[in-house]
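The structure appears below as structure tokens.
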Amino acid sequence: MTTTTTPNHSGPSKASAPSHRASPAGPTRAPGTVRPLLDLRQVLDTLAMRILLAVSGVCVLGMALLATVLQPLILEPDIQVSSGGALIAVSLVLSVVLPVLTVLTVAGEWPQSIQQTFLLRPRRTGVLVSKVIAALAITILVMAVTFGLALGLSALVGSVSGRGASFQNLGDNILGLGLAGLFSALFAIACATLLQGTALAMVVSIVVPFVVTIAGNLIGALGSQTVSDVLRYVDLSTAAQAIATNQIEVSSIMAPVLLIVLPFIAGAIRWSRREIG
12 MTTTTTPNHS GPSKASAPSH RASPAGPTRA PGTVRPLLDL RQVLDTLAMR ILLAVSGVCV
72 LGMALLATVL QPLILEPDIQ VSSGGALIAV SLVLSVVLPV LTVLTVAGEW PQSIQQTFLL
132 RPRRTGVLVS KVIAALAITI LVMAVTFGLA LGLSALVGSV SGRGASFQNL GDNILGLGLA
192 GLFSALFAIA CATLLQGTAL AMVVSIVVPF VVTIAGNLIG ALGSQTVSDV LRYVDLSTAA
252 QAIATNQIEV SSIMAPVLLI VLPFIAGAIR WSRREIG
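If you count by my numbering, then the sequence shown holds residues 12 to 288, one letter each, in order.
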């Protein structure tokens, strides 16, 4: 009796089948946290910033026209149109515009949208640095355009009126007013970093320098020199003028330290540790 064996025609086992699965991809690199161009684009794309820029442009143009056109009408015929007067006039507008712009740039995402930003860019310190760079870029650009507009209108009105324009002490005026505007923006950045809210930071960054300057002038006029000297330690505009004219004193150094450096350091610590959600 013969036995027959049936050949096994089954295919290769699953264990021996070659695997065609792709190897897992390498770790994805997290996006950089210091991205000032991204922050600039985000803040400039908002409706609030567009409205603010439009209103600011109208106010700056109106003040520049007022400061230049009125000079031939109210001054003596032999007096030239002063570019310094136009620069001072537009700087009054910048003392309000720059704090609002910088606060919106730094703290505009608090507290609603900042959590999403921190999820995409987990290093909070890098996000803060990026926003500060963006705010300073806006500040420098706005000041350059504003000062250029004031100087251009001064030359134009002087030429049309036949009086000519005076650019005496132009470098000193631009340096002093530019440094005052920069200090104003830096103080607003410090307030936005520390308070992390747009409304309160705007109020503080606009009201405090104004009150300090007015109080210092009034107290000095009333004869209380001691109190006036104390207020110089928190007067950024006086400190800016002192530094610009190379008349540096202890108060001109302490004012930016007390109002800009220390609040910003405290705000940076809070920025990196604050719980969200």
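For each residue, glycine too, the CB sits at the ideal point set by N, CA and C.
Query                                                                                                                                            : Result
Just the Cα atoms here: how many angstroms apart are A118 and G169?                                                                              : 42 Å
Determine contact between the segment 129-146 and the segment 212-221, defined as no fewer than three beta-carbon pairs at a distance below 8 Å. : no
Can you tell me which of M74, L51, W121, S67 puts its alpha carbon nearest to the alpha carbon of A212?                                          : W121
A266: which of E87, L51, G73, V241 sits nearest, CA to CA?                                                                                       : V241
In this structure, does DSSP put P35 in helix, strand or coil?                                                                                   : Any answer about P35 is weak, because its pLDDT of 44 lies below 50 and its placement is not dependable; what the coordinates show is given next. Correct three-state label for P35: coil.
In the DSSP assignment, find the unbroken alpha helix (DSSP H) run with G137 in it and report its ends.                                          : 135-172
Pull up the CB-CB distance for A161 and A97, whole angstroms please, since I reckon it's below 8 Å.                                              : 4 Å
Can you tell me whether Q82 is buried or exposed? The criterion is at least 16 other CB atoms within 10 Å of its CB, across all chains shown.    : buried
Note down the Cα distance separating L139 from L77, rounded to an integer number of angstroms.                                                   : 39 Å
Would W282 pass as a contact of T209 if the rule is Cβ separation under 8 Å?                                                                     : no
What whole-angstrom Cβ distance do A196 and T150 have, given they're in contact under 8 Å?                                                       : 4 Å
Assign V111 to one of three DSSP states: helix, strand, or coil.                                                                                 : helix
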